[in-house]
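Scroll down for the structure; my scribbles are underneath it.
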Amino acid sequence: MKTRLLIRTAIIVSVILLCTGFGMYSLFKLSAKDYNREVNLYKLVPHDAIAVLETDRMDKLIDGVSKLQSSKDNHFLYVSDIFVFLKRNLHTLLDATPHGLSRQMNKMLLSFHEPDNPSNQVLYCSLGEGDEAMLEAFIKKYCSTVFPLKIFEYKGEEIKIYTMPDGRFLAMYMTSDLLVVSLQKHLIENVIDARRSKSSLADLPSFNKIHFKQSSNVEARVYVRMKTVEMGKQSADIFHRAKIGSWGEFDLKFNDNAIYCSGVTRESDSTETFVGVLAKQQAVEGFGGEQLPTSTVFFDCWSASNMKALLGYTSKQVRTQYGASGIMVCNSGMLDFLKTHTGDRISSLLFYSKDTLDQNLCSITNIPLKCEVQARKDFRSLIDTLPVRKVLQSESDIPVRKFRYIASGYPCYILPCTSLLAHLGGFAQTKAYVYLSFYKGRLLLAPDEKSLSSYIDALEHGENLKTFSDVYNEVIGSLSSEYNFVMMGDMETLLVQPDVYASLIPNFFFRQYDFFRHFIFAVQFVYADGVVYPNIVLRYKNKA
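Right, dumping it as structure tokens:
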């Protein structure tokens, strides 16, 4: 009996193992076929794209954006009409697919192209089994039937043009394993060209240096071409273009009141790029909150261990109305002085004075000194050599210097403004003079006497962000304590300034004012072992 029972048990186990093995074989065979169908979407993206958003979970990305408190308050960043269309219709599409989007279709790319406007994007996704028929049915159901479908042939490929409910046209290129859509037919043609000629982002060496990580536990990843960035407004007297570097990669995360972007970009050997200059600086520690008045709306801080590289980069970024040789002599003298005496960092800030009726921002550039006594001595020698200049389009002479005590009781030097001093101070409007004062081991630079007096008065009374601002401490708490550059500001206050201090802010933020004015913005660059790590925080002001 026992023998027969053992035989029966062995037969049953054998059958189970056989069925299990067959099932696993079928599953692996199906999975292999499924994976073999997956397309490298980057082989479709034209090499001249300026940015790419990538996600493996488009449904979760859309939900994450929708759950932001800023979204609930109807504040959106309208940089892509395609993304807005997808956001509005995703749940309708999900309702049409009882089992949700396929694994392939959940992975999507969104590429951005010049000129930078909400219509110049392309959406890409792979298609799984049955996705093609489902999408065709969905598009036919929800696109307008007023105008018939148009089909164009481009280099042997078929481009379909659908009319959207708002009257615009949607161009679509679809095969059995991929989907590409855009509001611009010529961008679809560029995609076909990139695929056929192998001139895509996947074929670009500079992009492949940064695009090597596997997807992580983030809502999305963004790749940005760190091209020349326009700073300030086009109308500003001093307008410059900052050369940032090559490609940057950013992981995107959300919580209710903040958006976090942690990134990476490779070191550049060139001292003419922002990233290349940062790579040559030693990291500094701490944010100097005790040096920021409680009314501060903006500050930045640069590591300055290599002043030659930093000031060499800075001086090349400025386009100014001054062109006389005397201004350049002044620049040369100040460059030498700063290279010799500057400590480990240079910081700038904007704040309001205590006069509540005065809504004009005060400005200070704060430069720690290696030795204040020697710096004072060398500075007195420097100003004796400065030439008298005339202001452009003016017949009046600018005095070489003035010397008097400001309201706070500290002595103040008044010098002709130069392009270097204007850029260090962030003066977007041409200034005839610049005001300087030595204060407790630091050289302070300002566009007017009021800024100097108000700043020193605030610090003398201990009125600073570190002590009194929870929002400031919350934001810097999400950043690394060691860094090569940091910038933080209240975008609403900064973006409404006419032209004053506009050169401190990338032009993109002015074009998206309606969104960014609701946020405290912070960006940080950390250099380590040949890699620069950018960190960005957008903190919604609803709780501020």
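Counted from 1, the sequence shown has number 510 at position 23 by the working numbering; the numbering is strictly sequential. From the three backbone atoms N, C-alpha and C, an ideal C-beta is built for every residue, glycine too.
Check, Outcome
"Residue burial classification, Cys858 (beta-carbon count within 10 angstroms, cutoff 16)", "exposed"
"Stretch-stretch touch, CB-based, cutoff 8 Å, three pairs: the region 996-1014 with the region 930-940", "no"
"Three-pair Cβ contact test at 8 Å for the region 779-799 versus the region 829-845", "yes"
"Collapsed DSSP secondary structure at Tyr522 in the structure displayed", "Note that Tyr522 scores 43 on pLDDT, short of 50, meaning its location in the model is unreliable and no value can be drawn from it."
"First through last residue of the beta strand (DSSP E) which encompasses Asn853", "849-855"
"Residue of Asp977, Tyr1027, Ala689 minimising C-alpha distance to Leu531", "Ala689"
"Assigned exposure category for Ser840 - 16 Cβ within 10 Å defines buried", "buried"
"Residues bridged to Ser749 [DSSP beta-bridge criterion]", "Asp738, Asn1022"
"Cβ-based neighbour list, Gly551, same chain, cut-off 7 Å, excluding 5 preceding and 5 following", "Glu706, Phe741"
"Ala945 and Pro780 closer than 8 Å at C-beta", "yes"
"Contact check, Asn1022 vs Gly750, beta carbons under 8 Å", "yes"
"Which of helix, strand or coil DSSP assigns to Phe1008", "strand"
"Limits of the unbroken beta strand (DSSP E) element including Phe639", "637-641"
"Secondary structure of Phe995, DSSP reduced to three states", "helix"
"Neighbour-count burial assignment, Arg712, 16 or more Cβ in a 10 Å radius", "buried"
"Contact between the region 654-670 and the region 599-613 (3+ Cβ pairs under 8 Å)", "yes"
"Distance CB(Ile1007)-CB(Val958) smaller than 8 Å", "yes"
"Own chain, CB closer than 6 Å to Thr980, minus 5 neighbours either side, in chain order", "Val784"
"Pick from Lys685, Tyr1020, Leu982 that is closest to Leu848, judged by C-alpha positions", "Leu982"
"Check whether Arg753 and Val1018 have beta carbons under 8 Å apart", "yes"
"Identity of the residues DSSP links to Lys448 by a beta bridge", "With the chain running from 488 to 1031 in the structure shown, residue 448 is simply not present."
"Thr596 vs Leu657 beta-carbon contact at 8 Å", "Before going further, note that residue 596 is Leu rather than Thr in the sequence given. Their beta carbons are not under 8 Å apart, which means Leu596 does not touch Leu657 by this criterion."
"Assigned exposure category for Glu623 - 16 Cβ within 10 Å defines buried", "exposed"
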